[in-house]
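Trainee: Going by my numbering, the sequence shown opens with residue 1044, and the numbers climb by one from there. Virtual Cβ for every residue (Gly too), placed ideally from N, Cα, C.
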Amino acid sequence: MAYAFIFFLALLADQLSKALAAGLNFDNIQLIPGLLGLDFTYNPGIAYGSFGDAEWLQPVVIALTCVAIVAFLIALIKVGKGRKCLRTGIVLIMVGAAGNLIDRLVEQQVRDFILVSVGNIGFLNFNCNVADIAITVGAVLFLLALLFVDKDALFRFRKQKKQEEQAVLEAVADLEERAAETDNDLGADAPDDKKTE
């Protein structure tokens, strides 16, 4: 239920922010000069406006996005409830995909308004939106969960693994000690004629 709330709240934030940006038609407003600003644009393509003039792009992207959302929804249902980092990452990726899908269905392009500009480095100069940020944060959480956070993560820290192994060994030793004490107590309580046998 909490994940559904996160999904709809973030999706609402994405759509409202895009509507506001379109209504105000931000034009290169600098928030942090040389780094962050507001500049409303339409992106008919995918990342960095790639394939923007390809007629086949919209139907293909819409179909792939729908498949991805269904796949992530199935993953969210199947992933254990204790894996909060992974589940949050999946929900955020779904939010971003759904937010940009709505734009493609309604506008046939995506509304971007957050301008990121880092020097002359080409791939660090782009326009994005709340949905894009949700996808990025979700992907980072997803990878962190799979690589480091989850119990069976690929790169669990050795110290943490050793601590867990040590705790298991101590628990086993404690159980063996209790079992031995129980056996001794049972032997002491046995009738005298069985003790002599």
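(1) Please state whether the Cβ-Cβ distance between Asn1170 and Asp1146 is less than 7 Å.
(2) Three or more C-beta pairs closer than 8 Å, one from the segment 1157–1166 and one from the segment 1113–1127: is that the case here?
(3) Check whether the segment 1171–1182 touches the segment 1134–1153, taking contact to mean three or more Cβ pairs, one atom from each stretch, closer than 8 Å.
(4) Would you mind sorting Arg1221 into buried or exposed? The rule is 16 or more other CB atoms within 10 Å of its CB.
(5) Note down the Cα distance separating Asn1227 from Leu1218, rounded to an integer number of angstroms.
(6) Applying the criterion that 16 or more other CB atoms from any shown protein chain within 10 Å of the CB defines a buried residue, is Phe1083 buried or exposed?
(7) What residue ranges within the segment 1131–1207 form continuous beta strand (DSSP E) runs of no fewer than 3 residues, ordered along the chain?
(8) Could you tell me the distance, in whole angstroms, from the CA atom of Phe1115 to the CA atom of Glu1224?
(9) Taking DSSP's pairing of strands, which residues face Gly1080 in a bridge?
(10) Excluding sequence positions up to five away, which residues of its chain have a Cβ less than 8 Å from the Cβ of Ile1176?
(11) Let me confirm a value: Gln1209 is counted as buried when at least 16 other C-beta atoms fall within 10 Å, else exposed. Which label applies?
(12) Using 8 Å as the threshold, is the segment 1056–1071 in touch with the segment 1079–1094, meaning 3 or more CB pairs across them?
(13) Provide the residue(s) that pair with Tyr1085 in DSSP beta bridges, ordered along the chain.
(14) Let me know if Ile1164 comes out buried or exposed under the rule of 16 or more other beta-carbons within 10 Å of its beta-carbon.
Mentor: On the basis of the coordinates in this document:
(1) No; because the gap between Cβ atoms is not below 7 Å, this pair is not in contact.
(2) no
(3) yes
(4) exposed
(5) 14 Å
(6) The residue in question, Phe1083, is buried, as its Cβ has 16 or more Cβ neighbours within 10 Å.
(7) 1153–1160 and 1168–1171
(8) 52 Å
(9) Gln1073 and Leu1158
(10) Gly1139 and Ile1157
(11) exposed
(12) The segment 1056–1071, when compared against the segment 1079–1094, does touch it at the 8 Å Cβ threshold.
(13) Arg1154
(14) By the Cβ neighbour-count rule, Ile1164 is exposed, with fewer than 16 other Cβ atoms within 10 Å of its own.
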